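There are 2 protein chains.
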Amino acid sequence: MSTDSPPIEETPLRADAARNRERILEAADEVFSERGADASLDDIARRAKVGIGTLYRRFPTRDALLAALCDERMFALAANSRTRDDTMEPGASLRTFMVELATHASHYQGLAVVLGAVLQSQTAGCHAGAAEGMRLLDRAKRENAVAMDVSFDDLLCVITATSLAAGQGGPKSRITHLIDMFFNGIKRG
Amino acid sequence: MSTDSPPIEETPLRADAARNRERILEAADEVFSERGADASLDDIARRAKVGIGTLYRRFPTRDALLAALCDERMFALAANSRTRDDTMEPGASLRTFMVELATHASHYQGLAVVLGAVLQSQTAGCHAGAAEGMRLLDRAKRENAVAMDVSFDDLLCVITATSLAAGQGGPKSRITHLIDMFFNGIKRG
DNA sequence: TAATAAGTGGAGAATTGCTCCACTTACTAT
DNA sequence: ATAGTAAGTGGAGCAATTCTCCACTTATTA
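Sequence order for the protein chains is Y and U. Quick note: the first sequence uses numbering that gives the first Met the number 0, first residue 0, plus one each step. Quick note: the second sequence uses numbering that gives the first Met the number 0, first residue 0, plus one each step.
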């Protein structure tokens with residue numbers, strides 16, 4: 000719930016600080032990829048050749064760092080979805096979005112657990128991603144493609160579960176399988 | 000996958016050791032309830048008035064301690080299910096079991112994340128619980144109450160997500176809502 | 001009532017998170 | 001150019017935590 004303060008003003012970084020910020024993000028991507036989303040922040044600072052204090056100054060929490068890393072990708076995700084949506088059934092469109100988001104959320108081991116927190120951080124990309132998800136859900140409900148009592152949180156919950164399962168070593172097809180089950184239900188007869 | 004070595008032989012504990020084991024379990028239940036499943040093990044040892052070495056000797060890992068705590072409850076869960084199952088449709092029976100398991104898994108904050116690991120530990124109760132779940136799923140498939148391509152891991156995944164969502168402060172009704180969605184599917188039209 | 005196997009506790013090493021502040025450096029106004 | 005200053009930096013250091021190791025203690029048994 001609750002996302003209506005879109006653009007957060009930021010005083011522009013000094014040139015050296017911007018450079019360091021980029022270095023930290025690169026190092027963080029490497030280290031998180033190798034060791035998972037709960038890797039040591041000291042490792043990241045060391046690999047970026049930056050003091051640990053600098054890392055904390057720029058990213059006060061681990062979630063802030065993860066959110067910054069997700070930002071670009073989430074932007075792309077939302078953009079893809081918007082173009083795709085023109086030529087797709089609302090249900091299928093929502094389903095595709097969920098698969099993509101779940102795939103993203105299993106990019107680092109352990110990212111899924113904090114996905115909710117990351118999505119609520121007010122970076123532009125995360126904001127765009129969440130907004131797009133809500134838009135798709137609304138449209139699907141309006142056109143009677145999904146049940147009315149489904150909330151965005153419910154979707155997020157399923158996405159988290161899916162990423163969690165995929166992250167624990169299962170094959171990639173597991174993601175679509177789980178999300179399909181969620182769309183179609185497992186009950187028969 | 001993989002559970003066919005049921006009864007693990009244990010050489011009986013010395014009287015004082017058994018007493019300490021019980022003290023540790025009581026303290027662990029208190030501390031985990033207050034501070035979540037990732038609380039400090041030192042705190043637990045201190046509350047149990049036992050050295051930290053004693054705790055580690057009895058429970059080599061955090062998961063082992065959690066598994067021991069889950070043991071009794073899982074036993075009860077499996078027993079309840081078995082008696083209930085006589086008078087219930089297979090689909091409804093499975094659904095009820097999942098709601099109960101998810102409720103249990105949100106008993107401590109953060110327990111859900113390690114539920115899979117805990118269930119695979121070979122304590123008698125966890126073994127009984129997992130076995131019962133598999134039995135229910137098999138029967139439901141055999142009587143054509145749920146789809147054939149649903150695995151026990153899939154159920155566990157949904158249960159984990161559900162507990163995760165419930166544990167993060169949502170109301171208890173969330174559990175049944177999520178599991179119902181999973182049974183019925185969200186697609187309409 | 002020895003003998004001994006089982007059990008105990010806690011010091012301490014290793015790791016990590018995070019803060020604080022004395023120093024350094026890029027920007028800008030003149 | 002350059003002086004003034006706000007922004008930025010790095011890493012020492014404290015606190016919390018996990019986990020091991022082993023000299024000591026105690027229940028059990030023959």
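Ideal Cβ placement from N, Cα and C applies to all residues, glycine included. Treat the numbers as computed from the prediction; the structure is a model and nothing was measured.
DSSP state of residue i mapped onto helix, strand, coil
i          : result
Val-145(U) : strand
Lys-186(U) : strand
Tyr-107(Y) : coil
Ser-4(U)   : The predicted model places Ser-4(U) with a pLDDT of 40, which falls under 50 and marks its position as unreliable, so this point remains unresolved.
Pro-89(Y)  : helix
Phe-31(Y)  : helix
Ala-38(U)  : coil
Leu-12(Y)  : coil
Gly-50(Y)  : coil
Ser-80(U)  : helix
Thr-159(Y) : helix
Ser-120(Y) : coil
Ser-150(Y) : coil
Phe-181(U) : helix
Thr-60(U)  : coil
Lys-171(U) : coil
Other residues of its chain near residue i: CB distance less than 7 Å, five sequence neighbours each side excluded
i          : result
Asn-19(U)  : Val-49 and Thr-53
Val-30(Y)  : Ala-38, Asp-42, Ile-43 and Arg-46
His-103(U) : Arg-72 and Leu-76
Arg-81(U)  : Glu-131
Asp-28(Y)  : Leu-68
Contacts around residue i, its chain only, beta-carbon distance under 8 Å, and the 5 residues preceding and following it disregarded
i          : result
Phe-74(Y)  : Ala-123, Gly-124, Ala-127 and Gly-128
Arg-77(U)  : The question names Arg, but residue 77(U) is Ala in the sequence shown. The answer, listed in chain order, is Gly-124, Ala-127, Gly-128, Ala-130 and Glu-131.
Arg-22(U)  : Ala-47, Lys-48 and Val-49
Ile-51(U)  : Leu-40, Asp-41 and Ala-44
Asn-79(U)  : Glu-99
Ser-120(U) : Asp-62, Ala-63 and Ala-66
Through-space distance from residue j to residue i, alpha-carbon basis
i          : j          : result
Ser-150(Y) : Arg-173(U) : 11 Å
Phe-58(U)  : Ala-26(U)  : 13 Å
Thr-86(U)  : Leu-118(Y) : 44 Å
Leu-154(Y) : Ala-16(U)  : 48 Å
Ser-4(Y)   : Leu-64(Y)  : Unreliable placement is indicated for Ser-4(Y), whose pLDDT of 39 sits below 50; no coordinate value is reported for it.
Arg-13(Y)  : Asp-62(Y)  : 23 Å
Ala-144(Y) : Pro-89(Y)  : 7 Å
Tyr-55(U)  : Tyr-55(Y)  : 34 Å
Leu-135(Y) : Leu-177(U) : 20 Å
Gly-166(Y) : Val-112(Y) : 11 Å
Thr-10(U)  : Ser-32(U)  : 30 Å
Gly-116(U) : Lys-171(Y) : It should be noted that the sequence gives Ala, not Gly, for residue 116(U). Straight-line Cα distance between these residues: approximately 21 Å.
Asp-179(U) : Arg-94(U)  : 8 Å
Ser-133(U) : Ala-66(U)  : Checking the sequence shown, residue 133(U) turns out to be Met, not Ser. Cα to Cα, the separation comes out at about 19 Å.
Asp-70(Y)  : Lys-186(U) : 30 Å
Glu-142(Y) : Phe-96(U)  : 34 Å
Asp-137(U) : His-106(U) : 27 Å
Ala-139(U) : Asp-152(U) : 15 Å
Met-147(Y) : Thr-60(U)  : 44 Å
Ala-164(Y) : Arg-34(Y)  : 18 Å
Close beta carbons around residue i, own chain, < 6 Å, minus the five adjacent residues each side
i          : result
Val-157(U) : Phe-181
Ala-101(Y) : Ile-158, Thr-161, Ser-162 and Ile-174
Asp-84(Y)  : Ser-92
Leu-110(Y) : Ala-36 and Ala-104
Asn-183(U) : none
Gln-108(U) : Gly-35 and Gly-166
Whole-Å CB distance - residue i paired with residue j, under 8 Å assumed
i         : j         : result
Leu-24(U) : Leu-68(U) : 6 Å
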